[in-house]
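Every position in the sequence shown, counted from 1, becomes a number in this note's numbering once 5 is added.
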Amino acid sequence: MHTNPSHGKKLTPLRRNVRFGILDGVTAMPLVVLSQPGNFVMAALLTTSFGFTTRSYGLFTSLPFWFNFLQVLLTPFLAQHLHARSMTILSGWLHVVGWISLLVALPFLPPEEGPRTVFVFFATFSLVSLSSAINGVAWNAWMQECIPVRLRGKYFGFRNRLLYLSQVSFMLGVSALLAWLEDSLLAYQLLFGGALVLRVCSVLSQQQMHTTSGPQVSTPEPPWRDQLRIIRKDATVIHFILFASALGFTANVVGPFYPVFMYEQLHLSAAHTNLLILLGVLGAAIAFPAWGRLLDRFGNIPVMIVSIILWQAALLAMSISTADNKWIIYVVMGASGLFSAGYGIGVFGLLLKLTPSGARTMGMALFVSISSLTAALGPVTGGFFLNYAKSHGISLLHAYHVMFMVCPVFVTATCLLLRRVREENSAPVTEVMGAMRSVRTVASLFGLTFLVNQVFFRIGEGRFSTRLRRTLR
């Protein structure tokens, strides 16, 4: 049992996992952001520094989804020989190796979409995507052992806030670096190098985490055929996978092209685009704890439905954005981050809740695999649509506006599939909407709980009020 050096008290396994879990997430966030499909850094690097077409960019953006689909052929096999913790750590080191390979190769690549450049980006992105796919499934399975169900909403709400605040700091640094070095290749090399150092710290933090009952000997899981049989008989899990698959496709037809639209149609720099996207990250960071409390109170599904509707309603405003009214982008990015946070934390909590204990790894692997297959088709479809519009003389601005108008409608329609998923002890959607009308709930989403407490509560002289007064100071 380890001790806390500042207080000299023994840390329980749960507290140890909580602390190192937060440290792992904060230090992993920069490289995780860079590994996500359609992130603004890789969009700028591929489309501006190396001149990739939107079709090629869409294909490279879809790689993480393809490997999320293919990991189902490998992850269940690994789970029969390795504990989820071991799989998470090993895939984390593989992730580091992939990014080191790209960092070393960057100075030797010609600044054009030639065969050698395409091969290097394809090979390194494939390695990064494969390691991320395995890591995602293994980490989800591991968290079922580390964090009890009763704490997940509040814990992951608090954890995600810290992660997104660290992402805000990272993205501010990215904007400053890209502006200072004028989007040069050196800027990207320094950026990747710094993110790699933090990722190494993340994996080292994971090595300090165990299950809540302490280190365990790896135990093999049931054969994958038995796990597959359990999943096939579980209608709730099947409906959940269908919902995630439909949303993954409809959201990713347009999602990865938001930064490209800002570069090409609004003529914004990478640093400016980063600051706009930063508003969404900041909005999510502010709202995560409030969404976590709503999830614990009403259940995942009704909160996710409300979150999706508000999120997509905000994105509809992108369909009227032009270079003459760029202020709309600020509103859209902030609002979409604020509302999408509820879906982000809800889908993870629902996955942990619905996955059968006898088919944990297979259930998560199938969920990630099938939903990622459809998500992989999203950016490919979006890229072909934009190339088709360009080749037929259609204004790209109008083509983007059509995508921005149609896709949110289809994403919202996926809520009909989500309503077919059964979740125990979940409230009706109308109750969540009623809670959203509460001043306290809305204030929590906007990070204004402190202000509401001061306005609506009178502080007395009791022990509780004394503690509250100290908190407010």
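Even glycine gets a Cβ: it sits at the ideal position worked out from N, Cα and C.
Residues of its chain near residue i, where Cβ-Cβ distance is below 8 Å and the 5 sequence neighbours each way are ignored
i	result
L108	Q194, F197, G198 and L201
Q211	F25, D29, R90, T93, I94 and G97
N392	T58, T59 and R60
W229	P81, F82, Q85 and M367
L182	A192, L195 and L196
V125	L107, A110 and L114
W296	G162, V308, S312, A346, G347, I350, G351 and L450
Closest residue to residue i among the options (Cα-Cα distance)
i	options	result
I350	L422, T93, P261 and S312	S312
F245	V37, S54, L284 and R424	R424
F353	G288, L252, F161 and L233	F161
A251	W144, V336, L402 and T417	T417
S207	F390, L391 and L36	L36
V434	Q213, P413 and I314	I314
V363	K238, F415 and A292	Sequence inspection shows Gly at residue 363; the Val mentioned does not correspond to that position. Comparing Cα-Cα distances from G363 to each of K238, F415 and A292, the minimum goes to K238.
E428	S377, L359, M338 and G178	L359
T66	V337, M410, V259 and Q211	V259
L233	R298, V142 and R365	R365
W144	L87, L247, V123 and G178	L87
P112	F303, V426 and L50	L50
G482	N392, L422 and V385	Outside the displayed span of the chain (6 to 478) sits residue 482, for which this structure offers no information.
V411	S106, F390 and K331	F390
I236	R20, P361, N305 and M148	P361
A33	S189, L203 and L191	L203
F415	G347, A318, L135 and L378	A318
D329	D188, P81, L83 and Q270	Q270
Q247	T379, T80, W104 and I105	The sequence shown places Leu at residue 247, not Gln. When only C-alpha atoms are compared, the closest one is T379.
I243	I139, L356, L135 and G304	L356
G288	W296, N305, A340 and S377	A340
I139	A381, G383 and L83	L83
L209	V31, D188, G103 and F127	V31
V205	V125, G103 and S189	G103
N257	G387, K331 and G304	G387
A290	I333, F344 and D231	F344
P413	S377, W316 and G304	W316
Near the ligand NAD: residue i beta-carbon under 7 Å from a heavy atom
i	result
G349	For the ligand NAD, the structure offers nothing, since it holds no ligand at all.
Cutoff 7 Å; reference residue i; Cβ partners in own chain excluding five residues on either side
i	result
R24	none
V286	Y169, Q172, V173, M176 and G342
I27	R164 and L167
S137	S40, P69 and H100
T122	F55, L114 and P115
T52	Y62, V265 and Y268
L1	Any question about residue 1 goes unanswered here, given that the chain covers just 6 to 478.
M148	L357
S223	With a pLDDT of 45 at S223, under the threshold of 50, the modelled position of that residue is not reliable, and no figure is offered here.
Integer-rounded CB distance, given that residue j should sit under 8 Å from residue i
i	j	result
T419	T241	Not really, about 16 Å apart at Cβ, beyond 8 Å.
I282	M338	6 Å
A346	A292	5 Å
Y335	L284	6 Å
L300	V308	5 Å
L135	S106	Going by Cβ atoms, the distance from L135 to S106 rounds to 13 Å, so no, they are not a contact pair.
T524	A146	Missing from the structure shown is residue 524; the chain here goes from 6 to 478 and no further.
V426	I306	6 Å
Sequence-distant residues of its chain with Cβ nearer than 6 Å to residue i (five each side left out)
i	result
Q221	For Q221, the predicted model reports a pLDDT of 44, less than 50, meaning its position is unreliable; a value from the coordinates is still stated below. None.
S374	F74 and V77
L280	S180
V447	At V447, the pLDDT of 48 sits below 50, so the modelled position is not reliable; the number obtained from the coordinates is stated separately. Here the set comprises nothing.
V142	T80, M369, A370 and V373
L186	A192
F451	Unreliable positioning characterises F451 in this predicted model, as indicated by a pLDDT of 49, which lies under 50. A coordinate reading is not provided.
W71	A381
D188	A275
L190	none
I333	A322 and S326
T278	F45, P264 and M267
key: At least three beta-carbon pairs within less than 8 Å, the stretch 62 to 82 to the stretch 363 to 372   = Contact holds: three or more Cβ-Cβ distances are below 8 Å.
Segment contact, 8 Å Cβ cut-off, at least three pairs: the stretch 256 to 273 with the stretch 45 to 65 = Touching, per the Cβ criterion.
query = Quick one: any contact between the stretch 405 to 419 and the stretch 324 to 332, if contact means 3 or more CB pairs under 8 Å?
reply = Touching, yes, given that three or more Cβ pairs across the two stretches are closer than 8 Å.
message = Taking contact to mean 3 or more Cβ pairs, one atom from each stretch, closer than 8 Å, check whether the stretch 56 to 72 and the stretch 109 to 120 are in contact.
response = Yes, the stretch 56 to 72 is in contact with the stretch 109 to 120.
key: Contained alpha helix (DSSP H) runs [length at least 4] in the stretch 145 to 213, N- to C-terminal order   = You should have 157 to 185 and 190 to 211.
task = Flag this pair as touching only if the stretch 395 to 404 and the stretch 274 to 284 have three or more C-beta atom pairs under 8 Å; answer yes or no.
result = With the rule of 3 Cβ pairs closer than 8 Å, the stretch 395 to 404 does not count as touching the stretch 274 to 284.
inquiry  = Threshold first: 3 residues or longer. Then list the beta strand (DSSP E) segments lying entirely within the stretch 255 to 307, N to C.
reply    = Entirely contained in the stretch 255 to 307, not one beta strand (DSSP E) run reaches 3 residues.
message = So within the stretch 68 to 133, which uninterrupted alpha helix (DSSP H) runs reach at least 4 residues, ignoring any that extend past its ends?
response = Those alpha helix (DSSP H) runs which fall completely within the stretch 68 to 133 and span 4+ residues are 68 to 75, 80 to 84 and 89 to 110.
key: alpha helix (DSSP H) runs wholly inside the stretch 334 to 415, at least 4 long, in chain order   = Entirely contained in the stretch 334 to 415, the alpha helix (DSSP H) runs reaching 4 residues are, in chain order, 365 to 396.
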